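If you want the working numbering, it's the 1-based position in the sequence shown plus 6. C-beta atoms are modelled at their ideal positions from N, C-alpha and C, and glycine is treated no differently. On a predicted model such as this, the values are computed, not experimentally measured, just so you know.
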Amino acid sequence: MQLATDRDDLSGQLNSLGLEINSYQMRLEFLQDRQKQISSQQDQVKQKIAQVDKNVDHGSLNKDKQAVEQELNKLEEQLSKVRQQINEFNSAQENKTSQLFAKQKEVQGLQMDINQLTIKLNDLQVNAARYETRLEDLEKEIRDNYNFLKEIKEHKVKEHSDQAETHQKILKLRSQLEMIGGIDPAIAKEYEETKERHDFLSEQSTDLSQTIKSLESIIKELDLTIKEQFDKEFKHISQKFEEYFKILFSGGNAKIVKVMADQMAEEAEGTEQDNQLRKLKYLQKHNATGLAGIEIQATPPGKKIKAIAMLSGGERALVAIALICAIISANPSPFVVLDEVDAALDEANSERLAKILDDLSHKTQFIIITHNRASMRRAAVLYGITMTIEGVSKLLSVKLEDIKLQ
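Right, here's the structure in full:
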């Protein structure tokens, strides 16, 4: 503060004046001692003069008197000078003393101003502490009840805002808060629980989405592999089907063709096959190959028909046998049971079928239920049921290789 600075400057000046006054006081005391010494010497001279007047004649006395008077004059001159110096020092001391008193009075005035300002400062500090405490209470109340303390702190009030208008807004907001009512602690707790649950489910949803994408990628790779493998096996089965068809029919042409749902939709439109078509479309949608079915095209020697429905019962049986044998050739099973598949065949066709089954028996074991002699001749073991006693059945087995050796 400026007053404190002025007070410090005046205090320095007072100290300096005090030192000067002390110096003058010491000088004055020295001069006063000197004056006393001169006065004492003057008295001693006067005594000597009086004594000389008594004891000495006037002739020599006059000489001595003149000498003494000269010395006395010198002493008086010195005494006059000393008195003059004393007067000067007294005047200077009085001047310094008056300055000292003036400075002291000025310092006292400044000290009074400082004391008043100190009192005001203390009052302001007390008010600031009280307002700080009130502010903390309001912040706690806002934090506990309304939970938007951060927004209030970030809000900057304009320097020249209308206080009356602001006060009206505060009253209006308070009225609205009273109408709304306080915040139920259970609602805040429910919000926190719901938010925590939402965050957890969001995280789970993100993880599931990533997992779905990963699975879709794997499914695409598997679909591609399945399609490649299917096309390869389908081609192999188609070749074997044509091969076995030519063996069974001694010529002709046959093949199996893929049928897609779009093709079937055109053929089945407006027919009873609509319901079946919907099932095939569903299978195609969930089928990596996109296949809805297969079509068998068979042309026996000497005929031009291709539709299997136009063939006779025996021909259709041979076509079915050729397809089954082609599938077994592409994907051998541990064993296969055939129940009178040759029942509708003549002996020549039965012989051809038996030859095919004999070739396939190196990879698959066949169990054939038959009455056909051609099929029996190709078998390794024959099993038969006889009835030697009425009502009692008996199982017989014969290894044809053993019979041939005998």
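Check each candidate in K312, I44, R383, K87 and name the one with the smallest Cα separation from V404.
-> Working through the sequence shown from its first residue, we reach residue 404 at position 398. Measuring from the Cα of V404, the nearest candidate turns out to be R383.
Keeping to the same chain, check which residues put their C-beta closer than 7 Å to that of K111; ignore five residues upstream and five downstream.
-> Counting from 1 along the sequence shown, the entry for residue 111 is found at position 105. Closer than 7 Å at Cβ, skipping near neighbours: no residue.
Which of the three DSSP states, helix, strand or coil, is assigned to T305?
-> Within the sequence shown, residue 305 is the residue found at index 299, counting from 1. In this structure, T305 counts as strand in the three-state DSSP scheme.
What do you get for A326, buried or exposed, if any count of 16 or more other CB atoms within 10 angstroms of its CB means buried?
-> Working through the sequence shown from its first residue, we reach residue 326 at position 320. Exposed is the call here.
Count the other C-beta atoms from every protein chain shown that fall within 10 angstroms of the C-beta of F255, then say buried if there are 16 or more, exposed otherwise.
-> Here the question's residue 255 lines up with position 249 in the sequence shown. Buried: at least 16 other Cβ atoms inside 10 Å.
Quick one: Cα of H242 to Cα of M266, how far?
-> Here residue 242 corresponds to residue number 236 of the sequence shown, with the count starting at 1. Here residue 266 corresponds to residue number 260 of the sequence shown, with the count starting at 1. So the alpha carbons of these two residues sit roughly 20 Å apart.
Cβ separation of C331 and I362, assumed to be a contact under 8 Å, to the nearest whole Å | What you label residue 331 is simply residue 325 of the sequence shown in a count that begins at 1. What you label residue 362 is simply residue 356 of the sequence shown in a count that begins at 1. Confirmed, about 5 Å.
Taking Cβ positions, are I259 and A304 nearer each other than 9 Å?
-> Translated into positions along the sequence shown, residue 259 becomes position 253. Translated into positions along the sequence shown, residue 304 becomes position 298. Sequence inspection shows Asn at residue 259; the Ile mentioned does not correspond to that position. Cβ atoms of N259 and A304: closer than 9 Å.
Just reading off the beta strand (DSSP E) that N259 is part of, what are its end residues?
-> For the purposes of this step, residue 259 is identified with residue 253 of the sequence shown, where counting begins at 1. It spans 259-265 - the beta strand (DSSP E) in which N259 sits, taken as one unbroken run.
At what residues does the alpha helix (DSSP H) containing I314 begin and finish?
-> Looking up residue 314 in the sequence shown gives position 308. Note, I314: premise wrong, no alpha helix (DSSP H); not H, not E.
Could I get the ranges of all uninterrupted alpha helix (DSSP H) runs contained in the region 325-396, with 4 residues as the minimum, in chain order?
-> 353-366, 379-384
Beta-carbon spacing of K246, A336 below 9 Å = For this step, residue 246 is matched to residue 240 along the sequence shown. For this step, residue 336 is matched to residue 330 along the sequence shown. Yes; because the gap between Cβ atoms is below 9 Å, this pair is in contact.
Residue of L141, Q371, I262, K310 minimising C-alpha distance to E301 | Within the sequence shown, the letter at position 295 stands for residue 301. Measuring from the Cα of E301, the nearest candidate turns out to be I262.
Would you tell me roughly how many angstroms separate the C-alpha atoms of E198 and E138, rounded to the nearest one?
-> In the sequence shown, the residue the question calls residue 198 occupies position 192. In the sequence shown, the residue the question calls residue 138 occupies position 132. Distance between the alpha carbons of E198 and E138: 32 Å.
Helix, strand or coil for H166 per DSSP?
-> The count along the sequence shown starts at 1 and reaches residue 166 at position 160. With a pLDDT of 49 at H166, under the threshold of 50, the modelled position of that residue is not reliable, and the figure given next carries that caveat. Three-state result, H166: coil.
Three-way DSSP call (helix, strand, coil) for S399 in this model = Here residue 399 refers to the residue found at position 393 of the sequence shown. If DSSP states are grouped into helix, strand and coil, S399 belongs with the strands.
What residue from D49, E209, I44, F206 has the CA that sits closest to Q84's CA?
-> By one-based count along the sequence shown, residue 84 stands at place 78. It is I44 whose Cα lies nearest to the Cα of Q84.
What number of angstroms, rounded off, separates the C-alpha of A313 from the C-alpha of E234?
-> Residue 313 sits at position 307 when you count from the first residue of the sequence shown. Residue 234 sits at position 228 when you count from the first residue of the sequence shown. Cα to Cα, the separation comes out at about 28 Å.
CA-CA distance, S3 and M393?
-> Given a span of 7 to 412 for the chain in the structure shown, any question on residue 3 remains unanswerable.
Spatial neighbours of E165 within its chain, please: CB distance less than 7 Å, with the 5 preceding and 5 following residues excluded, ordered by chain position.
-> Working through the sequence shown from its first residue, we reach residue 165 at position 159. Caution applies to E165, whose pLDDT of 47 falls short of 50 and renders its modelled position unreliable; the value that the coordinates give is listed next. Nothing meets the Cβ criterion.
Cα-Cα separation between K178 and S211, rounded to whole angstroms | Here residue 178 refers to the residue found at position 172 when the sequence shown is read from its first residue. Here residue 211 refers to the residue found at position 205 when the sequence shown is read from its first residue. In a straight line, the C-alpha of K178 is about 44 Å away from that of S211.
Excluding the 5 residues preceding and the 5 following N355 in the sequence, name in chain order all residues of the same chain whose CB lies nearer than 8 Å to its CB.
-> On the sequence shown, position 349 is the one that residue 355 refers to. Correct list, in chain order: L254, G320, L324, D348.
Status (buried if at least 16 other CB within 10 Å, exposed otherwise) for S86 | Mapped onto the sequence shown, residue 86 falls at position 80. Looking at its Cβ environment, which holds fewer than 16 other Cβ atoms inside 10 Å, S86 is exposed.
Could you give the C-beta distance for L401 and A386, rounded to a whole number, given that I count them as a contact under 8 Å?
-> What you label residue 401 is simply residue 395 of the sequence shown in a count that begins at 1. What you label residue 386 is simply residue 380 of the sequence shown in a count that begins at 1. Not really, about 17 Å apart at Cβ, beyond 8 Å.
Length of the line joining the Cα atoms of M118 and N101 = For the purposes of this step, residue 118 is taken as residue 112 along the sequence shown, with counting starting at 1. For the purposes of this step, residue 101 is taken as residue 95 along the sequence shown, with counting starting at 1. When rounded, the distance between both Cα atoms is 26 Å.
Are P306 and L317 close, meaning C-beta to C-beta below 9 Å?
-> The residue labelled residue 306 in the question sits at position 300 within the sequence shown. The residue labelled residue 317 in the question sits at position 311 within the sequence shown. It is a contact, given that the beta carbons lie within the stated cut-off.
Compare the C-alpha of F36 against each of I395, L116, F107, R89 and name the closest.
-> Position 30 of the sequence shown, counted from the first residue, corresponds to residue 36. Nearest C-alpha to F36: R89.
With a 10 Å radius around its C-beta and 16 neighbouring C-beta atoms as the bar for buried, classify I225 as buried or exposed.
-> Taking the first residue of the sequence shown as position 1, residue 225 is located at position 219. The residue in question, I225, is exposed, as its Cβ has fewer than 16 Cβ neighbours within 10 Å.
What number of angstroms, rounded off, separates the C-alpha of T217 from the C-alpha of E209?
-> As a first step, residue 217 is located in the sequence shown; it is residue number 211 there, counting from the start. As a first step, residue 209 is located in the sequence shown; it is residue number 203 there, counting from the start. Using only the alpha carbons, I get a separation of about 12 Å.
CA-to-CA distance, Q76 to E413, given in whole angstroms = The structure shown has nothing for residue 413, since the chain only spans 7 to 412.
Which residues in the same chain as E353 place their Cβ atom closer than 6 Å to its Cβ, once the five residues preceding and following it in sequence are excluded?
-> As a position in the sequence shown, residue 353 is number 347, starting the count at 1. A380, listed in sequence order.
Assign S244 to buried or exposed, taking buried as 16 or more other Cβ atoms, counted over all protein chains shown, within 10 Å of its Cβ.
-> For this step, residue 244 is matched to residue 238 along the sequence shown. Classification of S244: buried, given that the 10 Å Cβ count is 16 or more.
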